[in-house]
Amino acid sequence: MGVCMERRRFLKSAGLGASALLAGCSAEDVSETTTTTEGSTTTETTQGTTTGTTEGPQTLLVTTYQSFVDAPSTSPGAWLKETFESEYDATLEWFVPNNQLNYFLQRKQQGVTIDTDVYLGLTPENLVHADSTLSSGSLFESVDTSGFENISHLKENFRFDPQDRAIPFGASFISLVINQDMLDEQGVPAPETFEDLTKPEYKGSIICPNPQNSETGLEFLFWTIMQYGEDGYLDYWKRLQENDIRILKSWGSAYAAYSNGEAPIVVSYSTDQVFADQYGEPLSKHQIGFLNNQGYQYIEGMARFAGTDKPDLAADFMDFMLRADVQSEVAVRNVANPVVDNAELPADFEELTKEPEEPVGYGYEDLMGNVSGWLDAWGKQIAQQ
Amino acid sequence: MTRLPVRWRAEHALQAVAGLVVAGLLVVMFYYPVATVLADAFLQQGYGPLALVLDPLHAITTEVIHGILASPFFFGAAHTLFEDPVVVPGDVATYTWTVLQTARPTLVDRLPFVVFVHDAGHVSFGLFGFTVYQALLSTILSVIIGLPGAWVLARFEFPGRKTIRSLTAVPFVMPSIMVAVGFIAMFGQQGTLNDGLRALHLPTINILYSLEIIVLAHAFYDAPLVARVTAAAWETVDSRMVESARSLGASDRTAFKHVVLPQLTPAILTGALLTFVFSFLSFAIVLTLGGLEYATVEVWMYQSVRELKFQQAAGIGVLETTLSLAVTYAYLRYESKQTTTRAAHPPARKRLFERFSLDRLAVAGIALFAIILFVGPVVSMLLESVTGPQGFTLRNYAFLLQRQTEAYSFQVKPLTAVTNSLLFGVGCLLLAVPMGLLIAVLSTRGFRGRKVIDALAMAPFAVSGVVVGLGLLRGLVFGVTLFGYRFTVSGPVAIVAAHAVGSYPFVVRNVAPILGSLDRQLVEAARSLGATRTRALYDIELPLVASGILAGTAFAFALSVGEFDSTVILATGGQGYTMPVAIERFIGRRLGPATAMGCVLLVVTAVSFVVIDRVGEGFQRG
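Residue numbers (this note's numbering), protein chains in the order written: chain X, -5 to 379; chain S, 533 to 1154.
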C-alpha cells in the first residue's frame, strides 16, 4: 500500500533527521517493490533538506480549478506552463485537487502542511469562506504588487481584497443565456428585468444552477440580494419558486438541460456566444440577457499561500499573469475578460463577449459574515418539505 | 483419522488469520476514517476524538443530534417528539382541536388539552421524512419492475438470455450526469418518448423535475438489481419440492405461493433493502432530475461538508447511518428466521419463442416496458454522442482520440481512464469476493450477537459516501502523525482497497441468504464422510451459491467502476483517474465529449460483465 512517511515541516527534533527520514522512505521503497501497481504517492521533502540538494530550476506548484487546465473546449493551462517556463528558470506544475479551496482549508485545519505555492481562481466569496473558516491566521499572504510590470493598468474596480492577498487576473459576467427560438415559438419576448422572471409567460422557463453547489448560481443569488435586499430576496425567490424555477445540481447539469431544450432560459455567463460560434450553433439559441441592464461581475483572483518556500517565484508568476500579452492570451483561452486595460483582444472575440451597461458585484466587506446565513435561509426555504 | 484434528486446527487458524486481515482492512479503510468524521456529532466544539475516552464528561454532547431531531426543517411534524415529547405533533393537534371545538366546546379549555396540544403549524415531512418517503416509493417501484424481469430471466429460455442477465449490472456504473442526459433525451419535452407520442397523436407526458422522475431514475438503477438477485434465488429453487406439491394436487398457483415464493422472499427483500438504502442516500439524481425542491438528507450532508460545518454534517451522518442500519438489522432478523432449504435442482426453463400463450404475451409486455425504461435512455445517450448541430457527427469520438494522443501530463487521457477502471475493478474483485465469502460463511454460523455483526458488515452501504470520502481525506490522504512522522495512504492500492471495502457487502448479501438456507444435512453428510470444512465448502456449498456469487461479483465490479467520491480523493494529484472521473472532466458547454466518454464506459463495462459471467459459469461447471 502506498504508505509514505513525511516529515512535518514544523518538527523541531532535527536529531531524528535524515536517517529516520531515509528509513521512512525506504519503508516506502519496500512496499513499492512488493506491490506492482504503486503509482502516485509523492514524497514532499522539507525546506531544510531541499535547499542543500536542489540543482537546476525551482518548481512552482500552482493549484487551480479543473477547466483551467483540462476543459474539453480550450483552457489556458498548457500555454501558461510553456510560456512561463520558457521565460523563467522554473518548472510550473499544476495541482488540481477535487475539493479545490476546501482541500487546503482542511489541510490547514488538520495541521498538515500546504506544500503548494499559488492559488489561481479565488473569488471574493471564496476568500470570505477561507477567512471565516480559519479561526486564526490566513491561508494566503499579502503580496507587494508595486513592482509588477503592468500593475498600473490593472482596473481598480476589480480589486476585491482589502489586504491585497488576492489579486484579480480574470473576469466575466453572470447573465441569462436565452434560447430566443424557443421563446419565439411561444410568442414571448426575452425577459429584461428581475420582475419579468416572475411573470406567468416565463413559468417553468428558467433553469438555475444550485447556489449551494455552483459559483454561478451563488453569484446569481447575490445579485438577487443586491436587488431586493436582505429582507426581500426570500420573498422574491418565493415568487420565482411559484413560477417553477428549476434549481439543478450544478452549472453542468443546468446547461445540459438547457441545451436539450428543457427550458429557454439558463443562468450562465455572458461569454456564451464564443462557444456557440466555435461549435457552429445559431446565435439565436444563445442570446445574452442582462437583467435590469446589469451583469454580476465574476472575478477570479490569484493569491500566494502563506508560508510558501518560494515567495519570490510566486510573486514573479503573479507579475507574469498580469502582463498585457499574457492577459489577452489567457482571456481568449479561458473565454473570459482581462482585468487590465491594455490587453488587446481579437475583434471577433470582443464582439462575441457581451458586457452589461452596469456591472455590479459584492466586495469582500459586503460578503464577510453574511454568505453562510444568506445561503442557509435560502436553502431551507427552497427545500422545505 | 488421526491426522484430521491437525488439519482442522490449521483450517481454523487460516480462517482466523483471514478474518483478522479483513477486519484490519475494514478498520483502516472504513471504520477509522468514518469514526473520525462522525465523532464530531458527539463532541463539544474544540475537543478531539480522543477526548471521548479521556474526558467524556466535558467532551460529549448530545446537542448536535438533538438539534437536528428537534428541527422542523429536518424532521417536520415529528420534530415535536424530540422538542417536547409530551405534546401532540402539529396538524394532528390542530385538527383534533378544531373538531373538538365544534363537537365539545367546553372540553378544549380544560387543562390537559391546553398543555398537550402543540401549535407547530402544518404537518410536514421534514427532510428526513421526505427522504424516507421517496426511498420507499423507489423501493416499491423497483420491486414491481424487477420481479417480472426476474421471472423472465429465471423461467424462460431464449437467445441472449445470459447476455441480458449480465447486462443487468450496467445501469449501476452509469454516473448520474449520464443517466440525467439519457433521461432528458428519452423523457424530456423534446425527448424520444414524446416525439413518439406526438407521432401517434397521443398526449405528451411531462415528468421531468418531479418526484415521479426521481423515483423512476432510482428504479432505473435498482430494478435490475432486484431482478438479478431474485433470478439468482429462483434458479436454486428445488424443483422436486414443486413437483411433489403438484403431485399432491396443488395447482400451479398454490405451488408457487407455498413452495416457490417463500424461497424467493429473502432475495426479493435483499433487493428491496439495497434499493431502499441506495435511494435513501441518493443525492446527484435528486438534484439533476428533480431540483433542490426535492432535496434529500444527503443534499444537506453535502452542503454541510462544503461549508465545512462538520458538526452538522456528522449529526446528519449519524442519523442517516442509524436509520439505514436499523432497516438492515430488521431485515437480517427476518432473514435468519427463514428455514427454507434449497438445492441445485432448478425447474426446467420454458422456451420463449414457441406458440402463443398468455405468459408469453406477458413477457412481450415486460420487454416493451424494459425497452422504454432501460434501453431508451441508454440508446438516447448513444445517439446524443453522435449528434451535432448539423446532424450526424463523429467529432466527439475524434475528440477522445485527440485527447489520447495530445493530452498533457496534467490532463485526462481516455484510454488511461479505461485501463485504470478495469485494473481497479479487477483488483477490487480479487479482494471483495473472498472478503464477502468469508463474512457470509462466518455470518451463517450461529452465535449470539451475530446479526449485529452482520448489520455492521453492511455499514459501507449504510454510511453516506460524503462521510466516507471526508474520512479518507482526513485519515489517509492527510495522514496520521505518529512519533513525529506523518503516515499517509493514497494511490492505486488504496483506491482498490477502498473499492473492495465499499462493494464486498454485495457479495455477502447475495451469498448469505442462499448459504443460510442450504440443506445442512448435505454438508454434515460430507463432513461425516471425512471432508474438511473447506472441502465441504468447495464441493457442496460453492456450486449451490455460485449464482449468488456471480450476481454479487457483477455488482461489486459495477460499484468499483462507477465509484467516484473515494476515487478522486485517494487519487488527489495522481494519475489514478477512472472513467467516471474522465466523464466529469469532459463536461463542458457541449454534452458531446462527456456522452462519448459515457458510451465508452458503457461498452467497456457491458463487455466486462459478459466476460465475468462467462468466466464465472466456467468455474461453476468445472
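We put the beta carbon where it would ideally sit given N, CA and C, even for glycine. These numbers were taken from a predicted model, which means no experiment stands behind them.
query = In chain order, what residues of the region 80 to 95 of chain X put their CB closer than 9 angstroms to some CB of chain S?
reply = GLU87, TRP88, PHE89, VAL90, PRO91, ASN92 and ASN93
inquiry  = Check whether chain X comes within 7 angstroms of GLY1120 (chain S), counting only Cβ atoms and requiring the distance to be less than that.
reply    = yes
task = Check whether the Cβ atoms of ALA297 (chain X) and TYR113 (chain X) sit closer than 7 angstroms, and answer yes or no.
result = yes
request  = Give a yes or no on whether the minimum CB-CB distance between GLN104 (chain X) and chain S is below 7 angstroms.
outcome  = yes
request  = Quick one: residues in its chain with C-beta nearer than 6 angstroms to the C-beta of SER1022 (chain S), no 5 flanking neighbours on either side, listed in chain order?
outcome  = VAL1009 and LEU1102
message = Let's test the definition: count the other Cβ atoms within 10 Å of the Cβ of GLY781 (chain S) and tell me whether it reaches 16, buried, or not, exposed.
response = exposed
message = Can you confirm whether PRO707 (chain S), when its beta carbon is compared against all beta carbons of chain X, has any partner nearer than 7 angstroms?
response = no
ask   = Using a Cβ cut-off of 7 angstroms, which residues of the region 233 to 245 of chain X contact any Cβ in chain S, in chain order?
value = ARG240, ILE241, LEU242 and LYS243
inquiry  = Would GLU87 (chain X) and THR53 (chain X) be called neighbours here (beta carbons separated by less than 7 angstroms)?
reply    = yes
task = Let me know if ARG541 (chain S) comes out buried or exposed under the rule of 16 or more other beta-carbons within 10 Å of its beta-carbon.
result = exposed
request  = Just mark LEU1133 (chain S) as buried or exposed, buried being the case when its beta carbon has 16 or more other beta carbons within 10 Å.
outcome  = buried
query = Should GLN795 (chain S) be flagged as near chain X, meaning a C-beta pair shorter than 7 angstroms?
reply = no
key: Through-space distance from SER656 (chain S) to LEU813 (chain S), alpha-carbon basis   = 20 angstroms
ask   = Applying the criterion that 16 or more other CB atoms from any shown protein chain within 10 Å of the CB defines a buried residue, is SER13 (chain X) buried or exposed?
value = Low confidence applies to SER13 (chain X): its pLDDT is 31, below 50, so where it sits in the model is not reliable, and the reading given next is rough at best. Flag for SER13 (chain X) reads exposed.
ask   = Does the Cβ-Cβ distance between PHE688 (chain S) and PHE607 (chain S) come in under 7 angstroms?
value = no
key: Exposure label - ARG1121 (chain S); buried when at least 16 CB within 10 Å   = buried
ask   = Helix or strand or just coil, what does DSSP make of ALA248 (chain X)?
value = helix
inquiry  = Strictly below 9 angstroms CB to CB, what residues from chain X border ARG838 (chain S)?
reply    = ASN93, ASN96, GLN206 and ASN207
ask   = List, in order along the chain, the chain S residues whose C-beta lies closer than 8 angstroms to that of GLU275 (chain X)?
value = PRO921
ask   = Can a CB atom of chain X be found closer than 7 angstroms to the CB of VAL907 (chain S)?
value = no
request  = Return yes when the Cβ of VAL171 (chain X) is within less than 7 angstroms of the Cβ of SER262 (chain X), no when it is not.
outcome  = yes
key: Simplified DSSP state of SER166 (chain X), which is helix, strand or coil   = strand
key: Close Cβ partners of ARG887 (chain S) (< 7 angstroms) along its chain, the five nearest in sequence each way excluded   = none
ask   = Looking at chain S, which residues of the region 46 to 69 of chain X have a Cβ within less than 7 angstroms of any of its Cβ atoms?
value = GLN60, VAL63, ASP64, ALA65, PRO66 and SER67
key: Extent of the continuous alpha helix (DSSP H) run through GLU867 (chain S)   = 842 to 869
Residues that DSSP places opposite GLU689 (chain S) in a beta bridge = S:ARG883
GLY653 (chain S) versus GLN288 (chain X) - alpha carbon distance = Only weak support exists for where GLY653 (chain S) lies, its pLDDT of 46 falling under 50; the value from the coordinates is given anyway. Each residue's alpha carbon lies about 40 angstroms from the other.
inquiry  = Tell me the residue span of the alpha helix (DSSP H) that contains LEU55 (chain X).
reply    = Element bounds for LEU55 (chain X): not the alpha helix (DSSP H) but the beta strand (DSSP E), 52 to 57.
query = Any Cβ of chain S within less than 7 angstroms of the Cβ of PHE299 (chain X)?
reply = no
inquiry  = With distance defined between alpha-carbon atoms, name the residue in X:GLN267, X:VAL90, X:GLY357 and X:TRP368 nearest to GLU344 (chain X).
reply    = X:GLN267
ask   = Which residues does DSSP pair with TRP88 (chain X) in a beta bridge?
value = X:VAL56
message = Contact between the region 319 to 337 of chain X and the region 125 to 142 of chain X is defined here as three or more beta-carbon pairs at a separation below 8 angstroms; is this criterion met?
response = no
query = What residues of chain X sit near LEU824 (chain S), judged by a beta carbon separation below 7 angstroms?
reply = ASN204, ILE241, ILE376 and ALA377
ask   = If you draw a straight line from the alpha carbon of LEU961 (chain S) to that of VAL554 (chain S), how long is it in whole angstroms?
value = 14 angstroms
Classification of PHE993 (chain S) by the beta-carbon crowding that lies within 10 angstroms, buried from 16 upward = buried
inquiry  = With distance defined between alpha-carbon atoms, name the residue in S:ILE848, S:PRO879, S:LEU1074 and S:VAL549 nearest to ILE600 (chain S).
reply    = S:ILE848
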